[in-house]
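Asker: The following block contains the structure, expressed as structure tokens.
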Amino acid sequence: MTRHLNRRDFVKSTAATLAAASALGAFSTNARAARRIVARGKREIRIGIIGCGGRGTGAGGNALEASPDARIVALGDLFAERVSRAQTSLAGFGDRAKVPAAQCFTGFDAYQGVISVPLDYVILATPPGFRPIHFVAAIAAGRNAFVEKPVAVDPTGIRMMLAAASEVDAKNLRVAAGTQRRHEWSYLEAMQRIQRGAIGSVVAARVFWNMGSLWNVAPDPARTDVENQVRNWLYHTWLSGDHIVEQHVHNIDIANWAMGSHPARCVAVGGRQVRTDTKEFGNVFDHFAVDFEYAGATQDKPTRFALSMARQQDGTAGRVEEVIYGSAGVAHLSSGSARITGENPWVFKGPSNNPYVQEQIDLQRAIVDGTPLNETNQVAESTMSAIMGRMAAYSGAELTWEEALASPMNLMPPSIQFGPLPQAPVAIPGATPSQS
Ligand SMILES: NC(=O)c1ccc[n+]([C@@H]2O[C@H](COP(=O)([O-])OP(=O)(O)OC[C@H]3O[C@@H](n4cnc5c(N)ncnc54)[C@H](O)[C@@H]3O)[C@@H](O)[C@H]2O)c1
Numbered sequence: 010m011t012r013h014l015n016r017r018d019f020v021k022s023t024a025a026t027l028a029a030a031s032a033l034g035a036f037s038t039n040a041r042a043a044r045r046i047v048a049r050g051k052r053e054i055r056i057g058i059i060g061c062g063g064r065g066t067g068a069g070g071n072a073l074e075a076s077p078d079a080r081i082v083a084l085g086d087l088f089a090e091r092v093s094r095a096q097t098s099l100a101g102f103g104d105r106a107k108v109p110a111a112q113c114f115t116g117f118d119a120y121q122g123v124i125s126v127p128l129d130y131v132i133l134a135t136p137p138g139f140r141p142i143h144f145v146a147a148i149a150a151g152r153n154a155f156v157e158k159p160v161a162v163d164p165t166g167i168r169m170m171l172a173a174a175s176e177v178d179a180k181n182l183r184v185a186a187g188t189q190r191r192h193e194w195s196y197l198e199a200m201q202r203i204q205r206g207a208i209g210s211v212v213a214a215r216v217f218w219n220m221g222s223l224w225n226v227a228p229d230p231a232r233t234d235v236e237n238q239v240r241n242w243l244y245h246t247w248l249s250g251d252h253i254v255e256q257h258v259h260n261i262d263i264a265n266w267a268m269g270s271h272p273a274r275c276v277a278v279g280g281r282q283v284r285t286d287t288k289e290f291g292n293v294f295d296h297f298a299v300d301f302e303y304a305g306a307t308q309d310k311p312t313r314f315a316l317s318m319a320r321q322q323d324g325t326a327g328r329v330e331e332v333i334y335g336s337a338g339v340a341h342l343s344s345g346s347a348r349i350t351g352e353n354p355w356v357f358k359g360p361s362n363n364p365y366v367q368e369q370i371d372l373q374r375a376i377v378d379g380t381p382l383n384e385t386n387q388v389a390e391s392t393m394s395a396i397m398g399r400m401a402a403y404s405g406a407e408l409t410w411e412e413a414l415a416s417p418m419n420l421m422p423p424s425i426q427f428g429p430l431p432q433a434p435v436a437i438p439g440a441t442p443s444q445s
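This is the structure:
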């Protein structure tokens, strides 16, 4: 997906960005800022990556596309082969992605090596179970960050993220999150229209990520339990948060954005019907449905609701979208497409942007220009909403936001090193406690 842009291409694409932005008016700030980064050309933007898999490497490429001044200067991963693979993938960017061996780090403490290198920002893209530890360390070291979603897998991790979010402001740092819909023009324009009343007052939402199966890595008896689980991280709740958190957080984030808050309570169902082999598919579910309840927009307004549905089962109908219902219309949103029906009909006619590059442009702009940007609370709240849905589905309990967020649940093993680690059991609604 990443494509090397030389300076001419970049200026050309920035010109297109500018034209599009002036048509939209509201987004011209981003485009002007992107041009300023290019025009400056005298300030290197030094980037480190922690977690050099598909997304970490992809985000690195996006960051290099975002500005010719960007360079990757440090790489860290649990496994040496992932660091080498990232270097090969980014080789098309030439010197801007050549990282000296002394700034390549491996092992569980690779993150400490990366953040010890002088950086303008660090990309955090390991499995999300590790994210709070890495984020807290990065902010403590005074690093700006691009933090992939989700940002935790349990309430303990969310509380770490929220505490660090205040540090971000106190230390005058910048943080962008990998909830890329918040940087996609179709979503931005639709949401701006919704906020200005195009569908009346928002009363409900339906949000979906229904799809088939994803990749998995069968366990290798020559490896330790921990290595097998980390290599097959999607299927272990302590690492991924389960697919409602790992993937569906994107759509739940849109419900929260439209509602202007996190949910107040929820009830949920879920289970595993297809991915039943625990050796290959760990302890995660393969389907969830959650009824999220939001407080009324004002005290005299009734409660609002969002139906959330996520499924990873082959041979079933796919659907990845959000539908927002208002008193005067309905907004239909999905990647690259947005429309409103009802009293104020509208269709997004483009041009579209690449939100993965845009989120890097927005972060680089904030760093270079010194403008504020802190998306930590937003992504932490959306992640917590998804975690609350999972806790409700696993246990069968109805949960309030306060109960879920205060839960002592901490899924991270007490000591993180290669070795034995019994697999967590598959949750059984009605038997699994909501706080465990
Ligand atoms: N925003 C998006 O659209 C999007 C898309 C894909 C993935 N993601 C997110 O990006 C993150 C990474 O996903 P991915 O698809 O790149 O997974 P991946 O498996 O391809 O990469 C994860 C990398 O992290 C490394 N790693 C694991 N534990 C580590 C540790 N403790 N320290 C250092 N490195 C460690 C792994 O070796 C691997 O190279 C996840 O949070 C995922 O949800 C976001």
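Heads up: the sequence shown runs through residues 10 to 445, numbered per our numbering.
From the three backbone atoms N, C-alpha and C, an ideal C-beta is built for every residue, glycine too.
Give the C-beta separation of Ser391 and Pro438 to the nearest angstrom, bearing in mind that I take them to be a contact with Cβ-Cβ under 8 Å.
Answerer: No, Ser391 and Pro438 are not in contact; Cβ-Cβ is about 24 Å, not under 8 Å.
Asker: Counting C-beta neighbours from all protein chains within 10 Å, is the total for Gly327 16 or more, i.e. buried, or is it exposed?
Answerer: When all chains shown are included, Gly327 counts as exposed.
Asker: Does the stretch 420-428 come close enough to the stretch 240-249 that 3 or more CB-CB pairs lie under 8 Å?
Answerer: Verdict: yes, contact present.
Asker: Going by the DSSP bridge assignment, what does Leu84 pair with across the sheet?
Answerer: Bridge partners of Leu84: Ile58, Cys113.
Asker: Roughly how many whole angstroms lie between the Cα atoms of Tyr196 and Ala207?
Answerer: C-alpha separation (whole angstroms): 14 Å.
Asker: Nearest-angstrom Cα distance between Gln204 and Pro431?
Answerer: Going by the C-alpha atoms only, they are around 48 Å apart.
Asker: Only counting runs of 3 or more residues, tell me where the beta strand (DSSP E) segments fall wholly within the stretch 337-402, in order along the chain.
Answerer: Correct list: 338-343, 346-351.
Asker: Pull up the distance between the alpha-carbon of His259 and that of Cys113, whole angstroms please.
Answerer: Cα-Cα distance, rounded: 31 Å.
Asker: With H, G and I counted as helix, E and B as strand and the rest as coil, what does DSSP make of Gly138?
Answerer: Gly138 falls in the helix class under three-state DSSP.
Asker: Identify every residue that forms a DSSP beta bridge with Asn237.
Answerer: Asn237 pairs with nothing; no bridge assigned.
Asker: What separation, rounded to the nearest whole angstrom, lies between the Cα atoms of Gly221 and Ala83?
Answerer: One C-alpha to the other measures close to 35 Å.
Asker: Among the candidates Ala95, Ile349, Phe139, Arg320, whose CA atom is the shortest distance from the CA of Tyr334?
Answerer: Out of Ala95, Ile349, Phe139, Arg320, Ile349 has the C-alpha closest to the C-alpha of Tyr334.
Asker: Short check: CB of Phe117 to CB of Ile425, under 8 Å?
Answerer: Going by C-beta atoms, Phe117 is nearer than 8 Å to Ile425.
Asker: Taking Val254 as the reference, which of Ser125, Arg215, Pro136, Arg105 has the closest Cα?
Answerer: For Val254, the nearest C-alpha among the options comes from Pro136.
Asker: If I follow the unbroken alpha helix (DSSP H) through Ser443, where does it start and stop?
Answerer: From DSSP, Ser443 is part of no alpha helix (DSSP H); its letter is neither H nor E.
Asker: Confirm the yes/no value for this check: CB of Leu430, any heavy atom of ligand 1, distance under 7 Å.
Answerer: False, no ligand heavy atom lies under 7 Å from that Cβ.
Asker: Using alpha carbons as the reference points, say which of Ala111, Arg91, Gly101 lies closest to Ala134.
Answerer: When each option's Cα is compared against that of Ala134, the closest is Arg91.
Asker: Less than 8 Å separating the beta-carbons of Arg320 and Asn219?
Answerer: Going by C-beta atoms, Arg320 is nearer than 8 Å to Asn219.
Asker: Are Ala413 and Pro164 closer than 8 Å when you measure CB to CB?
Answerer: Contact flag set, yes.
Asker: Cβ of Ala95 within 8 Å of Cβ of Gln369?
Answerer: The answer is no: Cβ separation not under 8 Å.
Asker: Taking Ile333 as part of the beta strand (DSSP E), name the residues at either end of that continuous run.
Answerer: Element bounds for Ile333: 328-335.
Asker: Any heavy atom of ligand 1 closer than 7 Å to the beta-carbon of Gly63?
Answerer: Yes, Cβ of Gly63 sits closer than 7 Å to a heavy atom of ligand 1.
Asker: With a CB to CB cut of under 7 Å and the five nearest residues on each side skipped, what residues in its chain are close to Asp178?
Answerer: Within the same chain, Asp178 has close Cβ partners Asn383.
Asker: Within 10 Å of its beta-carbon, does Gln256 have 16 or more other beta-carbons around it, so buried, or fewer, so exposed?
Answerer: Flag for Gln256 reads buried.
Asker: Along the chain, where does the alpha helix (DSSP H) containing Met318 start, and where does it finish?
Answerer: Per DSSP, Met318 belongs to no alpha helix (DSSP H); it is in the beta strand (DSSP E), 313-321.
Asker: Within the continuous alpha helix (DSSP H) that includes Phe290, where are the two ends?
Answerer: First-last of the alpha helix (DSSP H) with Phe290: 287-290.
Asker: Along the chain, where does the beta strand (DSSP E) that runs through Met220 open and close?
Answerer: Here the beta strand (DSSP E) through Met220 covers 211-220.
Asker: How would you call Lys158, buried or exposed, if buried means at least 16 neighbouring beta carbons within 10 angstroms?
Answerer: So Lys158 counts as buried.
Asker: What distance in whole Å lies between the Cβ atoms of Ile54 and Ala79, which are believed to be in contact at a cut-off of 8 Å?
Answerer: Indeed they touch by this definition, with Cβ atoms about 4 Å apart.
Asker: In angstroms, rounded to a whole number, what distance separates the CA positions of Gln189 and Pro434?
Answerer: Roughly 33 Å separates the two Cα atoms.
Asker: In three-state terms, what does DSSP make of Glu411?
Answerer: In this structure, Glu411 counts as helix in the three-state DSSP scheme.
Asker: Any heavy atom of ligand 1 closer than 7 Å to the beta-carbon of Ala119?
Answerer: Yes, Cβ of Ala119 sits closer than 7 Å to a heavy atom of ligand 1.
Asker: Does Asn71 come out as helix, strand or coil in the three-state DSSP assignment?
Answerer: Three-state DSSP puts Asn71 in a helix.
Asker: Tyr120 lies in the beta strand (DSSP E); which residues open and close that run?
Answerer: Tyr120 -> not in any beta strand (DSSP E); alpha helix (DSSP H) instead, spanning 119-125.
Asker: State the Cα-Cα distance for the pair Ser344 and Glu330, rounded to the nearest angstrom.
Answerer: Going from the Cα of Ser344 to the Cα of Glu330 covers about 8 Å.
Asker: Taking 8 Å as the cut-off, decide whether the C-beta atoms of Pro3 and Ala375 are in contact.
Answerer: Lying outside 10 to 445, the shown extent of the chain, residue 3 is not represented and no answer is given.
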